[in-house]
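J.:
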Amino acid sequence: MSCVFCRIVAREIPASILYEDDHVVGFRDVNPVAPVHILVVPKVHVPRVDAPEVCELKLGDHIFRAIGDITRREGLQEGGFRVVSNAGKGGGQTVDHLHFHILAGRSLAWPPG
Ligand code: 5GP
Ligand code: ZN
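Every position in the sequence shown, counted from 1, becomes a number in our numbering once 95 is added.
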């Protein structure tokens with residue numbers, strides 16, 4: 096299995112995992128771009144946010160439940176946070192396994208670069 100996030104889900108490579116349920120895993124980004132930088136991924140390999148399986152498997156429900164849980168647990172709700180899913184080369188996607196970034200802990204500029 097070559098996908099790095101599939102390997103993290105399978106515990107084949109280490110990660111700082113802070114959330115897991117039947118469908119989703121959340122872990123800290125190895126190269127954080129903010130004081131809090133967490134990745135939320137489905138356990139199933141789906142390439143990106145616009146893939147048909149996202150709706151077919153109701154992954155949005157599972158992922159957004161996890162994001163709510165993680166942001167509550169990490170105390171991010173009062174200060175605010177950003178959720179981003181990059182898609183494709185132009186969108187800045189570098190890992191082809193659906194993931195949502197949770198960013199927090201500093202002032203986040205808008206529009207993003
Ligand atoms: P993308 O650029 O696809 O939106 O985001 C991929 C993210 O995955 C990047 O922020 C990158 O730092 C992170 N990443 C890549 N490989 C690993 C890894 O092996 N472990 C962890 N924890 N994060 C990774
Ligand atoms: Zn994968």
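Each residue gets a CB set at the ideal place from its N, CA and C atoms; glycine is no exception.
These numbers were taken from a predicted model, which means no experiment stands behind them.
1. Measure the C-alpha to C-alpha separation of Gly170 and Val120 and round it to an integer number of angstroms.
2. Helix, strand or coil: how does DSSP classify Gly121 here?
3. Please work out which residues of its chain come closer than 6 angstroms, Cβ to Cβ, to Val179, disregarding the five sequence neighbours upstream and downstream, and give them in chain order.
4. Let me check you understand the geometry: is the CB of Ala110 closer than 6 angstroms to at least one non-hydrogen atom of the ligand 5GP?
5. Per DSSP, which residues does Arg177 bridge with? Please list them.
T.: Here's the rundown:
1. 18 angstroms
2. strand
3. His196
4. yes
5. Leu198
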